[in-house]
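**Student:** Before anything else, here's the structure in question.
Take a look at the structure:
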């Protein structure tokens, strides 16, 4: 992450927070942003494909929290990545680089009418399916 | 459409979704107070590879 200070205060299990004090992707075709809060897993095994990890915490002394934060990530594995949206890709071993802009998470609680709409939609789909299926 | 065609279509849809890959996404939640904000980042590894370096 690129934040006002380098002050990582929580790190997921298996990640190191001190190996790279800063990181810049311009040499690999990425932006010239210098990131100052960097986590690293040298084993390439603690954060598998298609999973979610939280607990990457930084404490900042600002009067206002940032409304958006630049981030980058590198992935690697036996299979090549073909999903696009990356600035860097290398074979043998397969390595892919990404950059983006993080924004605060939206509320995880659905609106009060959400479940009603979902239920009525599913009921309608079941009704249509029953009418179309042969007896 | 017969029942078998519906089941086959559903299986094909599930298969295509599971093979899909996309870039990681990052979001964060803010707690604390002015002068000591804590930003807790969540990373979704939507790729087909292990994620090793994050910032």
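Chains as they are written, first to last, in the numbering used here: chain F, 1443 to 1577; chain Z, 739 to 793.
Cβ coordinates follow ideal geometry from the N, Cα and C atoms, glycine included.
#1: With a cut-off of 8 Å, do at least 3 Cβ pairs link the segment 1504–1512 of chain F to the segment 1480–1487 of chain F?
#2: Counting only C-beta atoms, is residue 1515 of chain F closer than 8 Å to chain Z at any point?
#3: With respect to the beta strand (DSSP E) encompassing residue 790 of chain Z, which residues constitute its N-terminal and C-terminal limits?
#4: Pick from Z:786, Z:779 and Z:775: whose alpha carbon is nearest that of residue 761 of chain Z?
#5: Return yes when at least one heavy atom of the ligand FAD lies under 7 Å from the C-beta of residue 1524 of chain F, else no.
#6: Indicate whether at least one CB of chain Z lies closer than 8 Å to the CB of residue 1503 of chain F.
#7: What do you get for residue 788 of chain Z, buried or exposed, if any count of 16 or more other CB atoms within 10 angstroms of its CB means buried?
#8: Using a C-beta cutoff of 8 Å, does residue 1489 of chain F count as contacting chain Z?
#9: For residue 1476 of chain F, decide whether its Cβ has a neighbour in chain Z, counting only Cβ atoms nearer than 8 Å.
#10: Quick check on this structure: which residue in F:1458, F:1516 and F:1546 has the alpha carbon closest to the alpha carbon of residue 1529 of chain F?
#11: Using a beta-carbon distance below 8 Å, is residue 1447 of chain F in contact with chain Z?
**Tutor:** Walking through what the data contain:
#1: no
#2: yes
#3: 788–792
#4: Z:786
#5: What this structure holds is no ligand at all, so the ligand FAD is not there to describe.
#6: yes
#7: buried
#8: yes
#9: no
#10: F:1516
#11: no
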